[in-house]
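Accompanying notes for the structure given below.
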Amino acid sequence: MMFLKLQSRVAWAGLAISAALFLILIPLLKLATPEDSFFHAPDYLIVLIGKFFCYAIVAIAIDLIWGFTGILSLGHGVFFALGGYCMGMYLMRASAGLGVYKSDLPDFMVFLDWKEYPWFWHGFQYFGYAMLMVILVPSALAYLFGFFAFRSRIKGVYFSIITQAMTFAFVLLFFRNETGFGGNNGLTDFKTLLGFELREPSTKLGLYFVSGLILIAAYLFAQFIVKSKFGRVLMAIRDAESRLRFSGYDTLQYKLWIWTASAAMCGIAGALYVPQVGIINPSEMQPANSIEMAIWVAVGGRGSLVGAILGSTVINAARSWFTVAYPDAWLYVLGALFISVTLFMPNGLVGLGKKLFSAGKKA
Amino acid sequence: MFKLLLGKFRRMLSLCLLLGFSLSSHAEISAELANKLVSSNRAEIRDAIDAVANSGDPKAIILLNALEDGSLKSASGTAVIEKDGHFFDALSNNELTGLESAKAPMLNNVVRRSLDSALGFLKLTSKDDTIRMQAAESMFGQINDENAVAVRSIIEKESNAAIKSKLLLALASFDIQSPDKEKKLAAFSAIENTGDSQLKALVESALAKDENGAYVEQDEAVIAAAKSALSAIKNKELILSICANSLYGLSLGSVLLLAALGLAITFGLMGVINMAHGEMIMLGAYSTFVVQNLFKSYLPNYFDYYLLAAVPVAFIFPAIIGAAVERSVIRFLYGRPLETLLATWGISLLLIQTVRLVFGAQNVEVANPAWLSGGLELLPNLTFPYSRIATIGFAIFVVSLVWVIFQKTTLGLQVRAVSQNRAMAACMGINTGRLDCMTFALGSGIAGLGGVVLSQLGNVGPELGQAYIVDSFMVVVLGGVGKIAGTIAGALGLGVINKLLEPTFGAVLGKILVLVFIILFIQKRPQGIFAMKGREVDA
């Protein structure tokens, strides 16, 4: 019963309808209709929506930390990519011996003339260990970074800027060939995941399904946090942190835990993303990507979980369409979005909808 | 065999004679001797070379030089010197005519070698210091069993310390391989005194080890001497590299300073998080590119001065863009820093894409004017390019300009007033809106000046600014927001640390370490090096 009280009936209904649409109808359209039918959902659409699911998880994670706690991170791209790299390392080891050089090592290590896996690659042949790392590595980094930053009471734009410095450092680190993650090219050429061929449409559909389920789980988890007392404290931190601290709350602990949880969610999203796109490289953690993730949430509406999902999906769908149809115009659209959302839509699409809705009621 | 030995002996003897008497005896070279230099008999030429070298006549160098470069010719047995198609008597220097058929004597390697060493020694005993220095430098690696004795006695007579140490070094490079222990030790101590890195490989080879890891050299004293010589060389190399890296660090620091100074104004004084700051730098660099092209097409004669014309253009154009951005977007977002961050990021995307569409996505070519190419040789092995020196000078100029504007002008006074207390400044009649616009334009213009410098040091492309935005923020935050002095300290400090870390860790890892250092430093001192004093809780 407690669980059902998490959100309103309308929200549950909306969730059920979306789940039915994306997790039942679209797979059905894929499986049950002939390939040449108008209603057939092609492979690329499955992969595309699967990617959007991952982005939406990231958006929820950023909404938790920015929309609800008021901390703008420009480093979530790193957590996303780290989760992706952990998954990539498992996939690399799973397809060992199938590379160009037929070696037990990935091709890039053969190229560097390495004879064995470096220590941090140990254990990644086990799926369970890799999944643990998907969560632990981004969390550990976030915990460490957050502990030092929050303890020194770095906040506002200063925090944003040093997260960007961290992002920059990581990009430089991962671009080096000697770091041991394939340098520029990153990790790619994956073959199997838990024995399933990644190229098979059925595997893709499976990943799509899993991503969708995890998105729902992430949404409910975030909803749970936001509705709890913990969430109330987070919003109080956003609105008046000093006052909260003077009232006796240890804001460091609250910020640290939500920051770490948010990083872990990003890591999971990254791990789901990599097998679907088949590659992870350092450009995935470029500072620009992290800023773009923030704008997904801003467009959708900060402080609204539905808004975060909506924003990330709208922007990524627009990007997919523009980069094919009008590649030169996309940066203009994105730039204009950054400016117009901050100037004219401080509460994003959700805020705009609410405004229109209440204006309609009054009329 | 015997003949060979005899020949060797004779030449050594003659060299000793040369050294013993060349400075004191002043026998004039006879015409007969001069003619022997162009003889058809090579043995005769060799004897003549020795005799000429030994004569002590100042003409000896002229004659032997002419023989070496082929201008000493034989006109049916008489030695003549050719200069630009005219012929002169080798000794009296009177012009002669009708000798176009004169031929240079045929020299083989044996003759050449003895000619070279005779010339070398003649020069070593010249009265002119610069000639002696050159000769001493050319002795390097040329010393062999035959001339070593002669060199030793020259060294004893040499009074100029610099030349003497050069010769000692040249001799040392030969003596290292000598079987004589005393000579070896002397050689090592000579090397230790100068620490010249030219000899590093030789010293290292003296310390070679066999397969068992034991030294090939048996004598303990020699090993010890070689080790201390090697450490002296390494020390000197280390000092040189630290000097060089500090200078490069200073110039990198100047680049960072120019990139960050504009941000120190817009972010530090106005509190605007301008993510499009890097694009103002980029616009400055592209302004330079445009001015360069205009000069190329319309004023090719004055091309070398295009950079001077580019400086005001690169200031004004980004300043206008900056003013427009401030009026159209940023002024609505004061007091909302996170929104400002996102909106200015959007502006940077628009600017990048516009430049990409206008100038193309590829890097454009910005040429260095002639007066910026080349460099200043501070020490042997250490040349400092003029472009780097100009960078440092330009940074000093811009910083002074900013200082004057802020300390000595009404505009500066008003800017400081507004940044300290906006409401109070407004009450005093300052038009804060207009001032914000001008301050932002100033910051953007100074970023554009940074672009002029970057266009001279590296590639100019649409993403130029992106590479500097993180660095610029780091400099400002490290130095302390709101303090220009802090920005200077932060930039120079970062530049020097970066370059000092580079040789040990490599460029990328060095940069990562610097970023980690900054992140840790900010933990320790969130207010930067130069903290603003205040009691606010929510700054």
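Chains as they are written, first to last, in the numbering used here: chain A, 629 to 991; chain B, 118 to 656. The beta-carbon is built from N, C-alpha and C at its ideal position, and this holds for glycine as well.
Residues of chain A whose Cβ lies closer than 8 Å to the Cβ of VAL475 of chain B do not exist; the shortest such Cβ separation is about 12 Å. ALA165 of chain B is not a Cβ neighbour of LEU184 of chain B, given a cutoff of 7 Å. At a cut-off of 7 Å between beta carbons, MET399 of chain B makes no contact with chain A.
Of A:LEU933, A:SER731 and A:ALA797, the smallest CA-CA separation from LYS855 of chain A is found for A:LEU933. Of all alpha-carbon atoms in A:THR951, A:VAL925, A:PHE950 and A:LEU769, the one lying nearest the alpha-carbon of ALA684 of chain A is that of A:VAL925.
In the three-state DSSP reduction, PHE204 of chain B falls in the strand class (E or B). Contact check for LEU466 of chain B against LEU700 of chain A fails: the beta carbons are separated by 7 Å or more. Within the same chain, Cβ atoms closer than 7 Å to the Cβ of PHE696 of chain A are found at VAL854, GLY859, LEU862, MET863, ARG866 and GLY931, the five residues on either side in sequence being excluded.
The three-state reading of DSSP puts THR661 of chain A in coil, since its state is none of H, G, I, E or B. Inclusion of LEU284 of chain B and THR311 of chain B in the CB contact set at 7 Å is not warranted, their separation being larger than that value. Rounded to the nearest whole angstrom, the CA to CA distance from ASP956 of chain A to ILE464 of chain B is 16 Å.
Taking a Cβ-Cβ cut-off of 7 Å, TYR954 of chain A has no neighbours in chain B, whose nearest Cβ is about 12 Å from it.
Taking a Cβ-Cβ cut-off of 9 Å, the neighbours of ILE636 of chain B in chain A comprise PHE773, PHE776, ALA777, ILE790, ALA793, MET794 and ALA797, given in sequence order.
Here the alpha carbons of LEU489 of chain B and LYS641 of chain B stand approximately 42 Å from one another. Each residue's CA atom was taken as its position, placing LYS301 of chain B and ILE293 of chain B some 5 Å apart.
Each of A:PHE798, A:ARG804, A:ILE844 and A:SER968 was checked against the Cα of SER646 of chain A, and the nearest Cα belongs to A:ILE844. DSSP places ILE908 of chain A within a strand segment (E or B) once states are collapsed to three.
Listed in chain order, the alpha helix (DSSP H) elements of length 4 or more contained wholly in the region 734-789 of chain A are 735-739 and 755-779. For LEU959 of chain A, no beta strand (DSSP E) segment is defined; the enclosing uninterrupted segment is the alpha helix (DSSP H) at 958-972. Proximity of GLY963 of chain A to chain B, defined by a Cβ-Cβ separation below 7 Å, is satisfied.
No residue range can be given for ALA221 of chain B, since it is assigned to no alpha helix (DSSP H) and is classified by DSSP as neither H nor E. Under the DSSP assignment, ALA945 of chain A falls in the alpha helix (DSSP H) whose first and last residues are 933-953. For LEU801 of chain A, the C-beta contacts it makes with chain B under 9 Å involve VAL625, LEU626 and ILE629, in order along the chain. Neighbours of ALA922 of chain A in chain B, taken as residues whose beta carbon is under 7 Å from its own, are LEU459 in chain order. In the DSSP assignment, the residues bridged to LYS190 of chain B are B:VAL197. MET913 of chain A places its beta carbon less than 7 Å from that of GLY705 of chain A. In the DSSP assignment, VAL481 of chain B is bridged to B:VAL577. Within the region 392-463 of chain B, the complete alpha helix (DSSP H) segments at least 4 residues long are 394-415 and 423-445, listed from N- to C-terminus.
Taken in chain order, the complete alpha helix (DSSP H) segments of 4 or more residues contained in the region 655-720 of chain A are 671-690. Three or more beta-carbon pairs drawn from the region 758-770 of chain A and the region 881-898 of chain A are found closer than 8 Å, and the two stretches are therefore classed as touching. Look at the region 588-618 of chain B: the residues with a C-beta under 8 Å from a C-beta of chain A are PHE590, MET591 and VAL594. Distances from the alpha-carbon of SER371 of chain B to those of B:ILE547, B:VAL446 and B:ALA608 put B:ALA608 closest. Take the alpha-carbon of LEU659 of chain A and the one of LEU835 of chain A: they are about 15 Å apart. Contact with chain B is absent for ILE886 of chain A, since none of that chain's Cβ atoms lies less than 7 Å from the residue's Cβ. Chain A has a Cβ within less than 7 Å of the Cβ of PHE449 of chain B.
For SER780 of chain A, the C-beta contacts it makes with chain B under 9 Å involve ILE639, GLN640, LYS641, ARG642 and PRO643, in order along the chain.
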